[in-house]
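Chemist:
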Amino acid sequence: PKSDWISGLLYGTEEIFPLRFKATPCPLVEVKIDGRSFWLTFDFGSAGGVTVTTAIEDRIAYELVREIKTSYADGRPRGSGKEIILKRMEMLGRTFERVTADLFDWKIFSSFANDGHVSLEYIENTRFTLDYRKKILAVTDKPFPDNLLTGGGFIPISLLASPDWNRYGLYL
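Numbering-wise, this note's numbering puts 156 at position 168 of the sequence shown, and it's gapless, one number per residue.
#1: Using alpha carbons as the reference points, say which of Ala11, Gly67, Ile21 lies closest to Thr162.
#2: Please tell me whether Gly7 and Pro15 are closer than 8 Å, where the distance is taken between their beta carbons.
#3: Determine the extent of the alpha helix (DSSP H) in which Ser(-5) is found, giving its start and end residues.
#4: Comparing C-alpha positions only, which one of Asp119, Asn113, Asp31, Arg54 sits nearest to Phe132?
#5: Among the residues of its own chain, which have a CB less than 8 Å from the CB of Asp93, if the five just before and after it don't count?
#6: Ignore the nearest five residues each way along the sequence and tell me which others in Glu45's own chain have a CB closer than 8 Å to its CB.
#7: Any idea if Val19 is buried or exposed, counting beta-carbon neighbours within 10 angstroms, 16 or more meaning buried?
#8: Give every residue of the same chain whose Cβ lies closer than 7 Å to the Cβ of Trp153, excluding the five residues on either side of it in the sequence, and list them in chain order.
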């Protein structure tokens, strides 16, 4: 994007958040769980909800709901984990109370240690812009500026509502 995209797309400074990158092209966003900072993968693909991993399990407080199992697409067992409740989670300028999450060993889903992932669910009904070069993410509740829809400088991509069976999948 052009260097002036922040003001051109009407984002305020309080709506700009840093990104980090590790071994995958998916960016990491800062997520605070009960005030402690962790960097979770911002999974805007097919995963829903929030998953934390055993890499941070001993540094977070949670309420156990139940033990759960996960399987590969063909039905073979993949591993087990926990459904949990996080008392408070903050991310991208938003605060959530009593968040239902999954807790799994990071080795079940990845080949490198990671804190977990968080989905689009937590910025639902917003618009966002990723700038990989500057390593920032902008998120706002403001609508896309009408004058830019006809100017040709930006191309908005609307995400379509997904069916309940894949509520937070990405459909273009």
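Cβ coordinates follow ideal geometry from the N, Cα and C atoms, glycine included.
Modeler: Here's the rundown:
#1: This structure cannot speak to residue 162, because the chain is shown only from -11 to 160.
#2: In the sequence as displayed, the identity of residue 7 is Leu instead of Gly. For Leu7 and Pro15, yes; Cβs fall inside 8 Å.
#3: It spans -7 to -4 - the alpha helix (DSSP H) in which Ser(-5) sits, taken as one unbroken run.
#4: Check the Cα spacing between Phe132 and each of Asp119, Asn113, Asp31, Arg54: the tightest is with Asn113.
#5: Excluding residues within five positions, the ones whose Cβ falls inside 8 Å are Thr41, Thr42, Gly67, Gly69.
#6: Leaving aside the five residues that flank Glu45 on each side, the residues in its chain whose CB is nearer than 8 Å to its CB run, in chain order, Leu91.
#7: So Val19 ends up on the buried side.
#8: The pLDDT assigned to Trp153 is 46, lower than 50, so where the model puts this residue is not dependable; a value taken from the coordinates is nonetheless given after this. Shown here for Trp153: not one same chain residue has a beta carbon closer than 7 Å to its own, the five before and five after excluded.
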